[in-house]
Each structure stands twice: as C-alpha cells, then as structure tokens.
Amino acid sequence: MAARAALRQTARLASSSALLQVLFRAVTFGLNALTLRYLSRELLGVVSVRLTLLYSTAVFLAREAFRRACLSGGAERSWAATINLLWLTVPLGVFWSAFLGFVWLHLLEVPDPSVVPHYRAGVVAFGLSAVVELLGEPCWVLAQAHLFVRLKLFYTSVLVTCYVVYFAKFLGSPEATKKSFPITRMKALLPNLMADKTFLNWKEARLTWSFFKQSFLKQILTEGERYVMTFLNVINFGDQGVYDAVNNLGSLVARFIFLPIEESFYVFFAQVLERGKNVKDQKQDDVAMAANVLELLLKLVLLIGLTIAVFGYAFSQLALDIYGGSMLSSGTGPDLLRCYSLYVLFLAVNGVTECFTFASMCKEEVDRYNFVMLALSFTFLCISYFLTRWHGSVGFILANCFNMGIRIAHSIHYIYGYFKESSYRPLTGLLPSPFLVLAYIISGGITVYSEAFFCCDKGWTARLIHISIGALCFAATTVTMLCTETKLVRFVRSQFLSQYMKKGT
Numbered sequence: 003m004a005a006r007a008a009l010r011q012t013a014r015l016a017s018s019s020a021l022l023q024v025l026f027r028a029v030t031f032g033l034n035a036l037t038l039r040y041l042s043r044e045l046l047g048v049v050s051v052r053l054t055l056l057y058s059t060a061v062f063l064a065r066e067a068f069r070r071a072c073l074s075g076g077a078e079r080s081w082a083a084t085i086n087l088l089w090l091t092v093p094l095g096v097f098w099s100a101f102l103g104f105v106w107l108h109l110l111e112v113p114d115p116s117v118v119p120h121y122r123a124g125v126v127a128f129g130l131s132a133v134v135e136l137l138g139e140p141c142w143v144l145a146q147a148h149l150f151v152r153l154k155l156f157y158t159s160v161l162v163t164c165y166v167v168y169f170a171k172f173l174g175s176p177e178a179t180k181k182s183f184p185i186t187r188m189k190a191l192l193p194n195l196m197a198d199k200t201f202l203n204w205k206e207a208r209l210t211w212s213f214f215k216q217s218f219l220k221q222i223l224t225e226g227e228r229y230v231m232t233f234l235n236v237i238n239f240g241d242q243g244v245y246d247a248v249n250n251l252g253s254l255v256a257r258f259i260f261l262p263i264e265e266s267f268y269v270f271f272a273q274v275l276e277r278g279k280n281v282k283d284q285k286q287d288d289v290a291m292a293a294n295v296l297e298l299l300l301k302l303v304l305l306i307g308l309t310i311a312v313f314g315y316a317f318s319q320l321a322l323d324i325y326g327g328s329m330l331s332s333g334t335g336p337d338l339l340r341c342y343s344l345y346v347l348f349l350a351v352n353g354v355t356e357c358f359t360f361a362s363m364c365k366e367e368v369d370r371y372n373f374v375m376l377a378l379s380f381t382f383l384c385i386s387y388f389l390t391r392w393h394g395s396v397g398f399i400l401a402n403c404f405n406m407g408i409r410i411a412h413s414i415h416y417i418y419g420y421f422k423e424s425s426y427r428p429l430t431g432l433l434p435s436p437f438l439v440l441a442y443i444i445s446g447g448i449t450v451y452s453e454a455f456f457c458c459d460k461g462w463t464a465r466l467i468h469i470s471i472g473a474l475c476f477a478a479t480t481v482t483m484l485c486t487e488t489k490l491v492r493f494v495r496s497q498f499l500s501q502y503m504k505k506g507t
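So, in structure tokens, the structure goes:
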C-alpha cells in the first residue's frame with residue numbers, strides 16, 4: 003500500500019512538474035525567439051554558453067551529491083542531522099562560485115568589450131545567483147522526500163521565498179500533524195546542535211561523498227561540449243551562440259517531460275527499493291511494482307524519443323526559421339537540430355535507466371561506477387575535441403550520442419543483473435511493437451520527401467502543405483501507438499492523467 007501511494011504521488015509530481023515546465027517556459031521561449039532577432043551571435047554565445055556554464059557548474063557541484071544521498075531511505079529518519087548536512091551546500095556553493103568566477107575572469111579569454119560589454123559584472127551576477135538558489139536546498143529535499151506536489155508547482159518561480167512562506171504556513175498545521183511531518187518549527191530548518199545525537203548523518207555524508215565524485219564526472223559528461231568550447235576555443239563565440247540556441251530548442255522535450263520524470267521517479271525508486279539488498283531479500287510486492295513501473299517508463303520515454311527523432315528530422319529547418327529566422331535556419335543550424343533530434347532519443351532512455359540505477363546502487367557500487375565515469379569523461383572530451391575539428395559544432399552532438407550510448411549500455415547491464423534472479427524483465431520496455439516501428443519508418447520517409455518538395459524556400463503555402471502532411475503522419479502514428487501499446491496507455495491514463503480527468507468530470 004505504501005508503494006502504491008508513493009507511485010500515485012510520484013506520478014502526480016511528475017505530471018504536475020511537466021505541466022509547470024511547459025507553462026513556465028512558454029513565456030521564456032517566446033522572449034528568446036524575439037531576442038534572437040536583435041542580439042549578436044557573439045553576445046548570445048558568451049551569455050548562453052560561458053556565463054550559464056559558470057552558474058550550472060557551481061549549482062550542480064554544490065548540491066547534486068546531497069540530493070542523491072539525502073533522498074534515499076524514505077521520509078522516516080533523523081531529519082535534524084540530515085538538514086545539518088544539507089546546509090553544507092551553501093558554503094560549497096560560495097566556494098565553487100568564487101573559484102569558478104576567478105577562472106572565468108582571469109584564466110579564460112575575456113571577450114572584446116565593444117562586442118560583449120559588462121562581462122565582469124555578468125560573471126559576478128551569475129555566481130551570486132547560484133548561491134541564492136542554494137539557500138532553498140534543505141527545503142527542496144524535505145519537500146521532495148515527502149512528495150509535496152503543490153509546493154513543487156510554486157517554488158520554481160520564486161524559489162527561496164516560496165519555500166519560506168509555504169513551510170511557515172504548513173508547520174504546526176493539522177495537515178502536518180496528519181502526515182507525521184518531522185519538522186514542527188521553522189527554527190528546525192536551520193543548522194542546530196543536538197546534545198544527544200550526532201550533528202550529521204554520517205551514513206548519508208559518506209554516500210554524499212561518493213555521489214560528489216560521481217557528480218563531478220557526470221557534470222563533465224553533461225556539459226562537456228561547453229567546457230570544450232570554453233577552455234579550448236574550438237569554435238568562435240558566434241558559432242557557440244548558434245549551437246546553444248539550437249540546443250535550447252532541441253532540448254525542450256527533455257526539460258518539459260524527461261527531467262520531471264527522472265527527478266520524480268528517482269524519489270519513487272529510492273523509497274520503494276532498499277540500497278544494497280538483493281531482489282530476493284526485499285518485499286516482493288515492492289519489487290514487482292518497481293519492475294512494472296520501470297518497464298512502462300522505459301516504453302513511454304522510448305516512444306516519445308522515437309517520435310522526436312522521426313519527425314524532428316524533416317521539420318528541423320522549418321522550426322529554426324520560425325524560431326530564430328535566417329540566423330539559425332541557414333548554415334549548420336538545420337544539421338545541428340537534426341542530429342539533436344536523434345540525441346533526444348538517447349537522452350530519453352538514459353534518463354530513466356540511470357534514474358533506476360542510481361536509486362538502487364549501494365555505496366560500493368556507486369564508488370565502482372565512478373571509475374567508469376572517469377574513463378568515460380576522458381574519452382568523451384577527447385572525442386568531442388576531434389569530432390569538432392572534423393565536423394564543426396555537429397561533432398559535439400555526435401560525441402554526446404556516443405557518451406549517452408555507453409551510459410545506457412552500462413545501466414542496462416546493471417538493470418539486467420539486478421533482476422536476473424527474479425521473474426521480472428523490465429527491459430522489455432525498450433522493445434516497441436513491430437507495427438509501431440513500421441509506422442515510424444513510413445512516417446519518416448513520407449515527411450523527408452515532403453520537406454524536399456515543399457520546404458522551406460517555396461513560400462508559406464508550401465510550408466503549410468508540409469506541416470499538414472506531417473500532422474497526418476503524426477496522427478496515424480499516434481493511432482497505431484494507442485492500438486498496439488494498450489498497457490502503456492492504461493498506465494499513463496491511470497497514473498499521469500487521472501488527476502486532470504477527475505477535475506474535468
């Protein structure tokens with residue numbers, strides 16, 4: 003029953019987060035499309051690649067390991083020691099922001115002030131924003147561990163303020179008492195000394211250190227192309243700006259759908275399964291539910307990724323022309339987005355497989371995996387450098403596909419070994435129906451020919467014909483999916499759509 007309740011809350015959290023991402027990014031997407039027509043490519047490259055890399059690196063290195071470690075083990079624990087541990091993210095954030103800010107200001111090439119003004123002020127502002135975001139980290143972990151869906155809907159816009167206001171109202175309320183919430187006063191959210199208990203949860207601290215080493219390597223793999231751009235100057239600031247604009251457009255689905263699913267179901271798997279325990283030594287009902295959910299999640303993200311890969315190829319140039327004008331739709335932009343459409347498929351599968359893998363690994367397995375990540379990080383950086391020399395910015399995406407492919411292979415090997423002694427085979431979720439595969443192949447062929455005949459320099463009438471043909475192919479593929487993947491349809495309807503269907507009745 004506890005596992006089913008966790009599944010309901012997790013699915014609700016994932017669907018609500020995805021909806022929030024769509025609503026929150028819609029305005030940003032429109033503003034970006036507008037500003038792309040007025041900013042220089044060089045300014046876009048510095049802000050979108052170099053300064054954003056400073057911010058994302060500081061935040062990721064300061065908090066990712068703490069999130070991974072402190073979300074395991076469920077809500078029942080000594081939360082005072084865990085909160086003390088989580089507050090270490092703030093001084094870590096100050097350290098990383100200061101260190102990286104020094105590197106960005108004194109060791110990297112400073113852009114020409116006439117082309118990119120106020121670069122130094124931008125470095126300071128991005129570093130400070132990273133520290134401010136980390137102030138809400140203890141509240142974020144506490145809310146995630148207790149699956150606070152409504153809070154998730156509000157915190158993104160005004161992070162720290164929303165956390166303080168929400169918990170000030172929630173603590174001591176009848177709802178908090180009903181849920182046996184471990185914190186009763188706002189003071190308990192601050193670091194505090196405990197006379198009869200240890201100051202830190204040392205088990206979580208050791209696990210945090212293991213995840214920190216892993217997160218350092220994962221950050222290289224996640225943002226590797228930006229590090230190569232920033233430190234090796236393989237492409238100029240203008241090409242960096244085009245690459246980042248295409249990357250932002252191509253990663254919309256990853257941010258809207260895949261990331262909320264990964265974050266939410268990591269919590270589910272971490273709470274349902276016990277780290278370091280064999281499948282036979284755990285509650286079989288929980289194992290069965292985890293295997294079933296993993297299978298259906300794999301099928302869900304695989305089909306979304308296949309849809310993006312198939313239809314994205316034929317509509318890349320049109321999408322870029324509408325989004326950013328000729329600055330993006332000419333040159334390497336369309337080829338970049340076509341490759342990125344394939345990369346989205348790798349992102350989709352990797353997000354769910356690693357979500358399960360990291361939620362079920364014990365500390366020793368995490369440490370062993372760190373060596374794999376170390377070798378993969380070095381290989382990825384080398385491949386990125388050489389592929390970029392050979393094929394320009396497209397080489398970055400090809401290197402990312404290679405990187406994701408290796409990570410998927412490792413996670414699949416782990417999942418296969420994890421369930422080998424049981425009757426569950428969740429990896430069958432990676433095998434779509436043959437009829438659906440045929441529908442994708444036919445749709446892909448038709449839309450490619452449609453692009454060649456009608457897009458994109460033959461006027462808006464031809465463009466509308468191309469869009470109509472794509473819409474018909476998409477509708478036919480969707481109908482085939484609904485008829486062949488009935489188990490997945492029931493899962494999505496019952497877990498993700500049920501709350502909206504109830505509201506509509």
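Using this note's numbering, the first residue of the sequence shown is number 3, and each one after it goes up by one.
Using N, Cα and C, we set each Cβ at its ideal position, and we do this for glycine too.
The model shown is predicted, which means the values in this text are computed figures rather than measured ones.
Around the beta carbon of residue 132, a 10 Å sphere encloses 16 or more other beta carbons of the protein chains shown; the residue is thus reported as buried. Following the DSSP letters along the chain, one finds residue 328 inside the alpha helix (DSSP H) bounded by residues 328–331. In terms of CA proximity to residue 456, 464 leads the group 464, 449 and 450. Scanning the stretch 433–486 from its first residue to its last, the whole alpha helix (DSSP H) runs of 4-plus residues come out as 436–456 and 462–486. For residue 402, the uninterrupted alpha helix (DSSP H) segment begins and ends at 396–420.
Annotation: the continuous alpha helix (DSSP H) that includes residue 262 extends over 261–274. If you keep only unbroken alpha helix (DSSP H) runs of at least 4 residues inside the stretch 310–380, you get 328–331 and 335–362. If you compare the alpha carbons of 411, 109, 302 and 401 with that of residue 341, the shortest gap goes to 401. Between residue 125 and residue 56, the C-beta spacing is below 8 Å.
Here residue 266 is not near residue 66, since their CB atoms are 8 Å or more apart. The beta carbon of residue 391 sits closer than 8 Å to the beta carbons of 236 and 397 from its chain, once the five residues preceding and following it are set aside; these are given in chain order.
Rounded to the nearest whole angstrom, the CA to CA distance from residue 205 to residue 51 is 37 Å. About 15 Å separates the beta carbon of residue 275 from that of residue 71, a gap too long to meet the 8 Å contact definition.
Shown here, residue 429 sits in a helix according to DSSP, grouped into three states. When C-alpha distances from residue 277 are compared across 367, 452 and 404, the shortest belongs to 367. In this structure, the beta-carbon distance from residue 302 to residue 490 falls below 8 Å. Distances from the CA of residue 317 to each of 272, 364, 335 and 329 were compared; the closest alpha carbon is that of 335. Sequence-distant Cβ neighbours of residue 410 in its own chain, meaning closer than 8 Å and more than five residues away, are 348, 351, 352 and 355. At a Cβ-Cβ threshold of 8 Å, residue 247 and residue 46 count as neighbours. Per the C-alpha coordinates, the member of 311, 434 and 44 positioned closest to residue 300 is 434. The same chain holds no residue with a CB closer than 6 Å to that of residue 384 once the five nearest residues on each side in sequence are set aside. With contacts defined by Cβ atoms closer than 8 Å, residue 64 and residue 103 do not form a contacting pair.
Less than 8 Å divides the Cβ of residue 230 from the Cβ of residue 386. The three-state reading of DSSP puts residue 92 in helix, counting H, G and I together. Restricting attention to 240, 262 and 289, the CA atom closest to the CA of residue 114 is found in 240. Its chain contains 387 as the residues whose beta carbon lies nearer than 8 Å to that of residue 234, once the 5 sequence neighbours on both sides are disregarded; these appear in chain order. When the beta-carbon positions are compared, residue 346 and residue 321 stay at least 8 Å from each other.
Membership of residue 58 in the alpha helix (DSSP H) is indicated by the continuous run 54–72. The C-beta distance from residue 448 to residue 469 rounds to 13 Å, too long to meet the 8 Å contact threshold.
Per DSSP, residue 423 lies in no alpha helix (DSSP H) and is assigned neither H nor E. In the structure shown, residue 284 falls within a coil segment according to DSSP collapsed to helix, strand and coil. The C-alpha of residue 138 lies about 42 Å from the C-alpha of residue 333. Close CB contacts of residue 376 within its chain, under the 7 Å cut and outside five residues either way in sequence, are with 219 (chain order). One Cα belongs to residue 207, the other to residue 242, and the distance between them is close to 38 Å. Burial check for residue 389: the Cβ neighbour count within 10 Å reaches 16 or more, so the residue is buried.
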